[in-house]
Structure formats: structure tokens, C-alpha cells
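Numbering (our numbering), first residue to last: 469 to 626. Using N, Cα and C, we set each Cβ at its ideal position, and we do this for glycine too. Computed from a prediction, not measured in an experiment: that's the story for all the values here. The structure appears below as C-alpha cells.
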Amino acid sequence: MFRKLRRVNQEVSREKCIEILKNEPRGVLSVYGMDGYPYGFPMDYFYDEKVDKIYFHCAKKGHKMDSLKENNKVSFCVYDKGFKKENDWALNITSVIIFGKIEFVDDVNKKIDIARSIGMKYSPSVEYVENDIKKLIDVVQILELSIDYMTGKLVNES
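Structure representation (C-alpha cells):
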């Protein structure tokens with residue numbers, strides 16, 4: 469169903485993909501947008517290795533939500549900061565591409581747990597995260613991405 473990587477010599481392991489998902493701060497979520505145009509946008513996220521799912525938070529209304537209600541199939545791309553080999557100008561970047569389906573999380577306790585996990589990825593202050601959750605949990609939509617297919621690739625930009 470999903471295409472295998474054409475340049476298999478550049479493929480990275482699942483473990484490397486998971487490392488990138490756990491450590492990088494954001495990626496680009498792409499949906500099947502309005503009028504058939506793809507719609508991609510940067511998103512903060514949290515990867516939960518225990519359940520192999522990715523979680524996002526967003527507003528309850530807008531282009532993204534309208535698109536997801538029509539078609540919940542998405543792709544999500546995350547890439548690392550890259551590195552340069554000694555005496556080389558080109559950047560080497562590892563990217564992860566995920567195909568999957570988004571579900572809306574509506575259970576309040578699950579929303580709070582996920583919001584806490586997302587918040588703690590980005591903020592060292594438990595107090596700040598807990599205050600944000602109290603203020604915003606009713607106006608936030610949590611999205612759960614179930615992974616159908618994941619691949620990673622190391623590319624030299626030269």
C-alpha cells in the first residue's frame with residue numbers, strides 16, 4: 469500500500485526515526501485541504517513511544533479542523549538539525565515521514581494527560597504547564613495520530 473523508499477541506501481532505522489521524533493521540537497503536518505489542495509503547516513507535537521502515537525494540540529475551529537473532518541488521512545514530516553562532514557559545505561539531514569490517521573481526543577482526562585505531556589516537552593516548569601492546562605483545556609483540541617507507515621532517510625544536500 470505504501471511505497472518503499474526508492475534509495476534504500478539512504479534509509480535509516482526505525483530506532484533513528486523514533487530518536488528524531490522524541491527529540492525534535494516540531495514538524496509539518498499535511499492534510500487533504502479544501503478544494504483538493506494539500507495543506508501543510510508547522511506543529512509542535514509529542515511522540516508517545518509507549519503507544520506509538522503522535523499528539524498535537526490546536527484550536528477547535530479553522531482550515532485544519534475542517535479538512536480533518538472531511539478526510540483524516542495525513543502525513544507528518546520531522547527532520548533533524550543536520551550535520552556537516554569535515555571540509556564539506558553540504559548539510560546532511562535525516563527526515564522522518566509518517567502516514568497515518570488523525571482522531572480527535574475528546575475524553576477530558578486523556579486530553580489533560582496529553583496536554584501535560586506536550587507542555588512538558590516544551591516547558592521546564594510544571595507550574596506553567598498546569599496553569600495553562602487549567603486555563604485552556606476547554607478551548608483546545610487534542611489530535612491523535614495513529615501511525616500506519618513510517619520511514620526515515622538521511623540525505624546529503626550536495
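Contacting residues, own chain, Cβ-Cβ under 6 Å from residue i (five flanking each side not counted)
i      : result
LEU611 : PHE524 and ILE570
GLU625 : ALA558 and LEU559
VAL608 : HIS525
C-alpha gap between residue i and residue j, whole angstroms
i      : j      : result
VAL499 : PRO510 : 12 Å
ALA527 : ASP556 : 43 Å
PHE427 : LEU473 : Lying before the first or after the last residue shown, residue 427 is absent from the chain, which here runs from 469 to 626.
LYS602 : ASP512 : 20 Å
TYR507 : GLY501 : 5 Å
ASP575 : MET533 : 18 Å
ASP520 : ILE582 : 14 Å
ILE580 : ASN599 : 12 Å
GLU595 : CYS545 : 31 Å
SER585 : ILE605 : 13 Å
GLY495 : GLY568 : 15 Å
LEU497 : PHE470 : 18 Å
ILE488 : ILE615 : 15 Å
VAL476 : ASP548 : 19 Å
VAL573 : GLN478 : 36 Å
Sheet register partners of residue i (DSSP bridge)
i      : result
ASP516 : LYS521
PHE551 : ASN560
MET511 : GLY495
GLY620 : VAL564
SER543 : SER498 and PHE567
ILE615 : GLY568
CYS526 : GLN609
GLU479 : LYS621
Own chain, CB closer than 7 Å to residue i, minus 5 neighbours either side, in chain order
i      : result
GLY550 : LEU559, ASN560 and ILE561
CYS485 : VAL564, MET618 and GLY620
VAL480 : THR562, GLY620, LYS621 and LEU622
Other residues of its chain near residue i: CB distance less than 8 Å, five sequence neighbours each side excluded
i      : result
GLY504 : none
LYS552 : ALA558, LEU559 and ASN560
SER535 : VAL499, TYR500, GLY501, MET502 and TYR507
ILE578 : Note that residue 578 corresponds to Lys in the displayed sequence, not to Ile. Cβ neighbours of LYS578 beyond the five flanking positions: ILE610.
Quiz item: How do the region 545–563 and the region 614–622 stand: do at least 3 beta-carbon pairs fall below 8 Å, yes or no?
Solution: Taking a cut-off of 8 Å on C-beta distances, the region 545–563 touches the region 614–622, as three or more cross pairs fall below it.
Quiz item: Can you list, in chain order, the stretches of the beta strand (DSSP E) that have 3 or more residues and sit fully within the region 564–613?
Solution: Fully contained in the region 564–613 is no beta strand (DSSP E) run of length 3 or more.
Quiz item: Quick one: any contact between the region 574–594 and the region 530–542, if contact means 3 or more CB pairs under 8 Å?
Solution: No, because fewer than three Cβ pairs between the region 574–594 and the region 530–542 fall closer than 8 Å, the two stretches do not touch.
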